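Here the structure comes first, spelled out in structure tokens, and everything after it is commentary.
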Ligand code: G6P
């Protein structure tokens with residue numbers, strides 16, 4: 247089916263805009279089904295002893311967020327496996343494999359599944375894909391078609407679906423209390439509004455920043471804790487669309503190498519985490535070398551302002567993703583590159 251981009255300048259812009267509505271639809275179908283692991287039961291799955299998440303690219307970043315929530319809220323042994331490196335996962339009894347793939351056609355993901363036992367749960371935007379057919383259960387994203395090669399709305403939706411799954415698993419084991427689950431569900435319920443507010447707040451600053459940094463050959467991204475997958479995702483988005491070199495690391499790793507990249511004016515994007523802790527140290531280390539720190543986070547001290555909940559949830563600063571998507575897109579437009587179809591990349595990679 248052909249998709250109309252309406253009045254949007256490109257599909258990527260349209261799909262960035264669709265994120266609050268996509269998150270709303272998904273949450274409406276998921277909230278209220280997490281208590282006691284109900285969601286797993288609805289999917290026909292038993293309570294897993296451990297979880298293996300398998301994905302590539304952007305979907306891998308959503309898997310990292312999911313793994314963190316499983317660890318923090320459920321103490322469930324979890325590992326994220328890059329689909330093209332499946333040897334890193336040793337089969338263990340009681341493992342649920344969760345394959346995260348927007349297209350459901352990524353060959354490396356499908357090949358990885360051939361190596362492991364069932365059951366497989368697919369988190370995908372393509373309910374009729376090869377992955378969905380292969381899986382024992384499907385958690386659909388319901389985002390509608392995503393045309394832009396760089397994933398945007400499917401990323402936020404994968405995070406929402408993964409977090410819901412993680413909370414359901416954690417609640418099922420009794421490790422996550424009913425009261426804490428209710429609180430986290432409330433914070434999730436407010437996400438669509440926060441995404442919309444972030445888009446409104448960050449749009450202008452993202453355009454200004456793109457103008458300022460368009461001539462820079464590379465950008466360093468740092469965060470810590472739950473912010474790290476979003477730093478990686480922001481870097482990947484910028485790299486895919488603008489062809490700039492990027493480096494994304496947990497702030498504590500700066501001193502082990504990446505700090506050597508920094509000189510006067512080097513852009514260093516900091517995805518804010520709460521509490522700042524070692525991130526504050528990282529920012530100081532970078533600015534001491536003359537780096538231009540670009541903070542993405544709550545408006546008080548941010549270059550790219552977001553709308554975040556007052557306390558950082560276990561899934562971290564998801565709102566930052568939208569600000570970083572806007573920034574990457576704006577820079578691409580400034581550079582005159584094709585936003586929806588970056589060079590050398592494909593929407594779904596059906597070769598191993
Ligand atoms: C391609 C796309 C990426 C995507 C990755 C995984 O490389 O360009 O945007 O993250 O494939 O795709 P999947 O469909 O498995 O999520």
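In UniProt numbering, the protein residues as written are 247 to 598. Virtual Cβ for every residue (Gly too), placed ideally from N, Cα, C. In this text, all values refer to a predicted model and were calculated from it rather than measured experimentally.
query: In the DSSP assignment, what are the bridge partners of residue 349?
result: Answer by DSSP bridge pairing: none, since residue 349 is not bridged.
- request: Locate the beta strand (DSSP E) running through residue 493, then write down its first and last residues.
  value: 491-496
Backbone CA spacing between residue 208 and residue 511 [nearest angstrom]: In the structure as shown, the chain begins at 247 and stops at 598. Residue 208 is therefore absent and cannot be evaluated.
message: For a quick check, are the C-beta atoms of residue 542 and residue 566 less than 9 Å apart?
response: yes
From 462, 487, 291 and 538, residue whose alpha carbon lies closest to that of residue 381: Among 462, 487, 291 and 538, the Cα nearest to that of residue 381 is on 291.
query: residue 305: buried (16+ other C-beta within 10 angstroms of its C-beta) or exposed?
result: buried
query: residue 575 and residue 258 look like a contact to me (Cβ under 8 Å); what is the Cβ gap, rounded to whole Å?
result: 6 Å
- request: Take every Cβ of the region 423-441, pair it with every Cβ of the region 366-383, and state whether three or more of those distances are shorter than 8 Å.
  value: no
message: Report the CB separation of residue 467 from residue 448 in whole angstroms; it is logged as a contact under 8 Å.
response: At roughly 16 Å, the Cβ-Cβ gap does not stay under 8 Å, so residue 467 and residue 448 are not in contact.
message: Taking 8 Å as the cut-off, is the beta-carbon of residue 344 closer than that to any non-hydrogen atom of the ligand G6P?
response: no
field: Span separating the alpha-carbon of residue 487 from that of residue 588
entry: 6 Å
query: By Cβ distance, which residues of its chain are closer than 6 Å to residue 403, with the 5 residues on each side in sequence left out?
result: Taken in chain order, the residues that qualify are 268, 272, 387 and 389.
task: If I'm right that residue 329 touches residue 355 with Cβ under 8 Å, what's the distance once you round it to whole angstroms?
output: Indeed they touch by this definition, with Cβ atoms about 4 Å apart.
query: Taking DSSP as the reference, what is the three-state secondary structure of residue 500?
result: Residue 500 carries a helical assignment under DSSP once its states are collapsed to helix, strand and coil.
- prompt: Does at least one heavy atom of the ligand G6P sit under 8 Å from the Cβ of residue 301?
  reply: yes
message: Between residue 349 and the ligand G6P, is there a pair consisting of the residue's CB and a ligand heavy atom that are separated by less than 8 Å?
response: yes
task: Return the Cβ separation of residue 559 and residue 518 in integer angstroms, given the expectation that the two are a contact with Cβ distance under 8 Å.
output: For a cut-off of 8 Å, the C-beta gap from residue 559 to residue 518 is around 14 Å, too long to register as a contact.
query: Along the chain, where does the alpha helix (DSSP H) that runs through residue 417 open and close?
result: 399-418
- prompt: By DSSP, does residue 513 sit in helix, in strand, or in coil?
  reply: strand
task: Measure how close the beta-carbons of residue 384 and residue 370 come, nearest whole angstrom, since I'm counting them as under 8 Å.
output: 7 Å
message: Run through the DSSP bridge pairs and tell me what residue 469 is partnered with.
response: 496
query: Taking 8 Å as the line, does the beta carbon of residue 396 fall inside it for any heavy atom of the ligand G6P?
result: yes
message: According to DSSP, simplified to helix, strand and coil, what is residue 613?
response: Here the chain covers residues 247 to 598 and nothing more, so residue 613 does not appear.
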